[in-house]
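A.B. asks: Below is the structure I would like to discuss, written out as structure tokens.
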Ligand code: FES
């Protein structure tokens, strides 16, 4: 079993044309996912960083959306031209690409400062 240092989830969700939410597929999600896979392979990182195609990551307005784990760095408006920079600076160099980050206050989901409910569903 491979033990990856990072997972990169890339949204490729597709919606009907005319859906006001738009979708990452229409903004190039498939192409971004393909670029991650190809460029990671070329750098010999196939067993180190795992790019995974993902369904909607619930940050649609910022598509194409990618999230890097385990550090939970969210990127928005990612294009094929940004992939090299994310790989070199973040996945290899350890420094997130600030110009592409979705600010925490703009992310949908729970408030990270919210008090736990104790019901085991604090996510
Ligand atoms: S469609 Fe990509 S985040 Fe929702």
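In my numbering, the protein residues as written are 321 to 443.
Built from N, CA and C at the ideal position, the CB exists for glycine as well.
Under 8 Å: do the region 322–334 and the region 342–355 share three or more Cβ pairs, one atom per stretch?
C.D. replies: Flag = yes, the region 322–334 and the region 342–355 touch.
A.B. asks: Report yes if the CB atom of residue 396 is closer than 8 Å to the CB atom of residue 347, and no otherwise.
C.D. replies: In the chain shown, residue 396 corresponds to position 76, counting from 1. In the chain shown, residue 347 corresponds to position 27, counting from 1. No, the Cβ-Cβ distance between residue 396 and residue 347 is not below 8 Å.
A.B. asks: How far does the beta strand (DSSP E) with residue 373 in it reach, from first residue to last?
C.D. replies: Translated into positions along the chain shown, residue 373 becomes position 53. Run containing residue 373: 369–374, per the beta strand (DSSP E) assignment.
A.B. asks: Suppose contacts are defined by Cβ-Cβ distances below 8 Å. Is residue 379 in contact with residue 407 by that definition?
C.D. replies: The count along the chain shown starts at 1 and reaches residue 379 at position 59. The count along the chain shown starts at 1 and reaches residue 407 at position 87. Their beta carbons are not under 8 Å apart, which means residue 379 does not touch residue 407 by this criterion.
A.B. asks: Since residue 393 contacts residue 377 with CB under 8 Å, what's their CB separation in whole angstroms?
C.D. replies: Along the chain shown, one-based indexing puts residue 393 at 73. Along the chain shown, one-based indexing puts residue 377 at 57. The pair is not a contact, with the Cβ atoms about 13 Å apart (cut-off 8 Å).
A.B. asks: Determine, using beta carbons only, whether residue 326 and residue 427 come nearer to each other than 8 Å.
C.D. replies: For this step, residue 326 is matched to residue 6 along the chain shown. For this step, residue 427 is matched to residue 107 along the chain shown. Not a contact, by the Cβ cut-off of 8 Å.
A.B. asks: Once you ignore the five residues that flank residue 363 on each side, which residues in its own chain have a CB closer than 8 Å to its CB?
C.D. replies: Translated into positions along the chain shown, residue 363 becomes position 43. Closer than 8 Å at the Cβ level, and outside the excluded window around residue 363, lie 407 and 412.
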